[in-house]
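Protein sequence lines correspond, in order, to chains A and B.
Under the numbering used here, residues 260 to 544 are what the first sequence spells out, in order.
Under the numbering used here, residues 260 to 544 are what the second sequence spells out, in order.
Beta carbons are placed, not taken as given, at the ideal position from N, Cα and C, and that holds for glycine.
Structure record follows, encoded as C-alpha cells.
Number of protein chains: 2
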Amino acid sequence: MKQTRRLFIREGLAGAILLGTGNLVVADDVSETVKAKVTRVVNPFHLGMAGFTFSRFDIDITLKTMQRLDLHYLSVKDFHLPLNSTDKQIEDFKDKCASYNVIGYIVGPINMHSEAEVDEAFEYAKRVGVKKIIGVPDVELLPYVDKRVKEYDFNYAIHLHGPDKNVYKDAASVWKFTKDLDPRIGMCLDVGHDFRNGCDPSLDLQKYHTRVFDMHIKDETEASRMGVCTIIGRGLINFPALIRTMRKVNYTGMCSLEYEADKKDPFLGIAESIGYFKALCDTPS
Amino acid sequence: MKQTRRLFIREGLAGAILLGTGNLVVADDVSETVKAKVTRVVNPFHLGMAGFTFSRFDIDITLKTMQRLDLHYLSVKDFHLPLNSTDKQIEDFKDKCASYNVIGYIVGPINMHSEAEVDEAFEYAKRVGVKKIIGVPDVELLPYVDKRVKEYDFNYAIHLHGPDKNVYKDAASVWKFTKDLDPRIGMCLDVGHDFRNGCDPSLDLQKYHTRVFDMHIKDETEASRMGVCTIIGRGLINFPALIRTMRKVNYTGMCSLEYEADKKDPFLGIAESIGYFKALCDTPS
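Okay, structure coming up:
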C-alpha cells in the first residue's frame, strides 16, 4: 500500500522534476496523495538580463542578482566591459560570468556615429565571442554596417528607442530602414519603447519577427511619451498576448529584462518582474 | 483622425485601467495603434503578507517592503506587535500600518497551551480590531476555544504544520479535529506544510474550503519532510491548479505569502514569489 502510494506520487510529479530515490514521508492519516502535476511549458525563447538594468551597479552585483534570480544569459553593456578592454580583461570578465553560471550572449546597445565606431563594435563583439550586436547606428552608416555584417556573419539588432528619439522609434521604423539590407540586420524589439510610441509589441513581433534578433522586456505606465517603465504586470503592456505571439512565431531568441525604474534600488522591481514574466512563460497561452 | 485614434486607444485599454484625460502622444509615422487590451482577472481572494516572512526584520522594513510590492494586508505576528502591548502601542502600530496603506487583517500564528493563553489571544485580537485568529492550540483546549469563538464571534484558523509536528500536520488532520466544533473554527491552509505532508493543497481546499479562513502560500522542493520552502514557481506545488480551485470554491479570504527561505535576505525571493503568484492571479485559469 505504502509502496503503491509512493510510486504514484513520484509519477504524479514526474512531468516537471524527477524526485529522488526516497525519503518520501507520508503520514498514516493522510487520505489524499499528491495528484497535482506541476507541468511547465517549454518555450522556444529564453529569459535573460539586459546589462543596462544594472547601470548603477558593478558586474559582481549584477551576477549575484542574476544567480539568485536563476538567470543565465546577460546582454553585456560597456559600463561592465568597456569596448577598449584588453583580451585579458575580456577573459577575466567571461571567467567571472562563468563562475556564476552566466554567459554573455550579446553586446550592447552600442551607439555608432562613425565607421571607426562600427569597426570597433564588431571587433569587440568578436573578441567577446558573441555573434550578435545591439547597435544604434547613425542612419547614414547603415550601408557600412551591412558590409560588416556580411563580413563577420553577425546579427545586428538595432535598438528601438520610442518617441524620445528622432529615428528608430519603433519596430516599423527599424523595419523600414533595414528591410532592404542584409537579412542579418534587424532589431532588438524593446517592447516598452515600442509601446510608448503607440505600437502594440505583440502585433509588431508578429509582423517583423524575421528581423527580431533580441528583445528587451519591461512594462510601461502609458502608451505615450508620458509612459514610464514599471514592474512587469503593473503597466499596460499585454504580456500574455506577447508570449502567445512569441510562441506562435517560434521566437528562439532572448527576452532580456531591461528594468529602468528605481535606478538606485531596482532589486525588488527586478525580482517581481522576473517572477511575473516567468509565471506567464510557465503557463499555456 | 488623430482624435479617432486617441479614442480608440483609450477604449482598447479601458478594461484594466482608465487612462487620464490626454497627453497621449502618437508619432505621425506609427502605422499600428495599440490594439492589445490588458485585462486582468478579478478574483474573490486577495494577496497578503504573513508577518512571519519578516521574522528577522522590524515592522518598518516589513511595511516598506509591502508598500513596494503593492501589498496591503498583513497577518500580524507577535514579534511585531507583542500580545501584551498596551492599547496605545496597538494604536501606534495601526497608525504606522495605515501610513503605508496596510491593514492588519488577522493575528498569529499564536501558540496556546493554556486557557489563559487562549483568553489572552482573543483579547489581543479584539484589541487589535480583527475578527480572525491563527492559532495553534493544544488539542485538549479545543472545547475551550470553541466556547470563546461563540462568545467573541471570531474565526479561529488552526495553522497546519506538516510532518514535523505531532498534530495538525495537514488539512485533513485539522478537519478531523474541528468538523464537529463550531463552524467558525477551521484552518489556515498552509499550502507548503500540507504539501510536505504528502497532500495536494488544491484538493484539500476543494474538500475543506468551508473551514478555510486563511491561507499561507509558499512553494516547496519536495512533497515530503525533506521538502524546504522555495520561491513560488520554482518548487513542486501546482499553483495554477490551486488558483483554479480558489476561484471554483469562491475562496474570499487572503493568500498571504509566508516565505521561509533566505531568512537573512529574503527580499528577492519574496518579490519573485509575489510576481509569480500575481501573474497567475491576473490570468484566466
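{"Asked": "Just to confirm the assignment, what range does the alpha helix (DSSP H) spanning residue 325/B have?", "Found": "318 to 327"}
{"Asked": "Measure how close the beta-carbons of residue 447/A and residue 302/A come, nearest whole angstrom, since I'm counting them as under 8 Å.", "Found": "That belief does not hold up - the Cβ atoms of residue 447/A and residue 302/A are roughly 19 Å apart, past 8 Å."}
{"Asked": "Measure from the C-beta of residue 470/B to each C-beta in chain A and report whether the shortest distance is under 9 Å.", "Found": "no"}
{"Asked": "From this set, 405/B, 410/B, 401/B, 411/B, which residue's C-alpha is nearest residue 426/B's C-alpha?", "Found": "401/B"}
{"Asked": "In this structure, what does DSSP give as the bridge partners for residue 495/A?", "Found": "Paired residues: none, contrary to the question."}
{"Asked": "Closer than 9 Å, CB to CB, is residue 506/B near chain A or not?", "Found": "no"}
{"Asked": "In the DSSP output, which residue or residues are listed as bridge partners for residue 414/B?", "Found": "391/B"}
{"Asked": "Let me see if you follow: with CB-CB separation under 9 Å, is residue 324/A close to chain B or not?", "Found": "yes"}
{"Asked": "Which residue comes first and which comes last in the beta strand (DSSP E) that contains residue 309/A?", "Found": "305 to 309"}
{"Asked": "For residue 308/A, collect the residues of the same chain with a Cβ closer than 6 Å to its Cβ; drop the 5 residues on either side in sequence, then sort them by chain order.", "Found": "325, 330, 333, 515, 516"}
{"Asked": "Among residues of its own chain, excluding the 5 on either side of residue 379/A, which ones have a beta-carbon nearer than 7 Å to its beta-carbon?", "Found": "342"}
{"Asked": "What does a CB cutoff of less than 6 Å around residue 263/A pick up in its chain, not counting 5 residues either side in sequence?", "Found": "Any answer about residue 263/A is weak, because its pLDDT of 35 lies below 50 and its placement is not dependable; what the coordinates show is given next. Correct list: empty, nothing qualifies."}
{"Asked": "Using a Cβ-Cβ cutoff of 7 Å, what residues of the region 510 to 537 of chain A are near chain B? List them in chain order.", "Found": "526, 527, 530, 531, 532, 533, 534, 535, 537"}
{"Asked": "To which residues does DSSP link residue 473/B through a beta bridge?", "Found": "447/B"}
{"Asked": "If you count every other CB in all the chains shown that lies within 10 Å of the CB of residue 366/B, and 16 or more means buried, which is it?", "Found": "buried"}
{"Asked": "Cutting at 8 Å between CB atoms, please list the residues of its own chain near residue 375/A, excluding the five before and the five after it.", "Found": "none"}
{"Asked": "Quick one: which chain B residues come within Cβ less than 9 Å of residue 307/A?", "Found": "By Cβ distance, chain B contributes nothing, its closest Cβ being about 16 Å from residue 307/A, past 9 Å."}
{"Asked": "Is the Cβ of residue 497/B closer than 9 Å to any Cβ of chain A?", "Found": "yes"}
{"Asked": "In the DSSP assignment, find the unbroken alpha helix (DSSP H) run with residue 467/B in it and report its ends.", "Found": "460 to 467"}
{"Asked": "Quick one: Cα of residue 440/B to Cα of residue 493/A, how far?", "Found": "43 Å"}
{"Asked": "For the region 432 to 457 of chain B, list every residue whose C-beta sits within 9 Å of some C-beta in chain A, in sequence order.", "Found": "432, 435, 454, 455, 456, 457"}
{"Asked": "List, in order along the chain, the chain B residues whose C-beta lies closer than 9 Å to that of residue 542/A?", "Found": "499, 538, 539, 542"}
{"Asked": "Could you check if residue 538/B is buried or exposed, using at least 16 other CB atoms within 10 Å of its CB as the buried criterion?", "Found": "buried"}
{"Asked": "Taking just the CA atoms, how far does residue 336/B sit from residue 348/B?", "Found": "14 Å"}
{"Asked": "What is the DSSP secondary structure of residue 516/A, counted as helix, strand or coil?", "Found": "strand"}
{"Asked": "For residue 408/A, which residues of its own chain have a beta-carbon under 6 Å away from its beta-carbon, when the five flanking residues on both sides are left out?", "Found": "415, 441, 443, 444"}
{"Asked": "Out of curiosity, what's the CA-to-CA distance linking residue 397/B and residue 368/B?", "Found": "13 Å"}
{"Asked": "I need the straight-line Cα distance from residue 404/A to residue 313/A, nearest angstrom please.", "Found": "28 Å"}
{"Asked": "Going along the chain, which residues of its own chain have a beta-carbon closer than 6 Å to the beta-carbon of residue 370/B, five neighbours each way excluded?", "Found": "395"}
{"Asked": "Taking only beta-carbon positions, decide if residue 315/B is within less than 9 Å of chain A.", "Found": "no"}
{"Asked": "Residues of the region 326 to 340 of chain B with a CB closer than 8 Å to any CB of chain A: list them in chain order, please.", "Found": "327, 328, 329"}
{"Asked": "Helix, strand or coil: which one does DSSP assign to residue 422/A?", "Found": "helix"}
{"Asked": "Could you tell me how far apart the beta carbons of residue 512/B and residue 472/B are, in whole angstroms, since I believe they sit closer than 8 Å?", "Found": "6 Å"}
{"Asked": "Beta-carbon of residue 417/A versus every beta-carbon of chain C: anything under 9 Å?", "Found": "Any reference to chain C falls outside this structure, whose protein chains are A and B."}
{"Asked": "Taking the C-alpha atoms as reference points, what is the distance between residue 346/A and residue 386/A?", "Found": "7 Å"}
{"Asked": "State buried or exposed for residue 300/A, treating a residue as buried only when at least 16 other CB atoms are found within 10 Å of its CB.", "Found": "exposed"}
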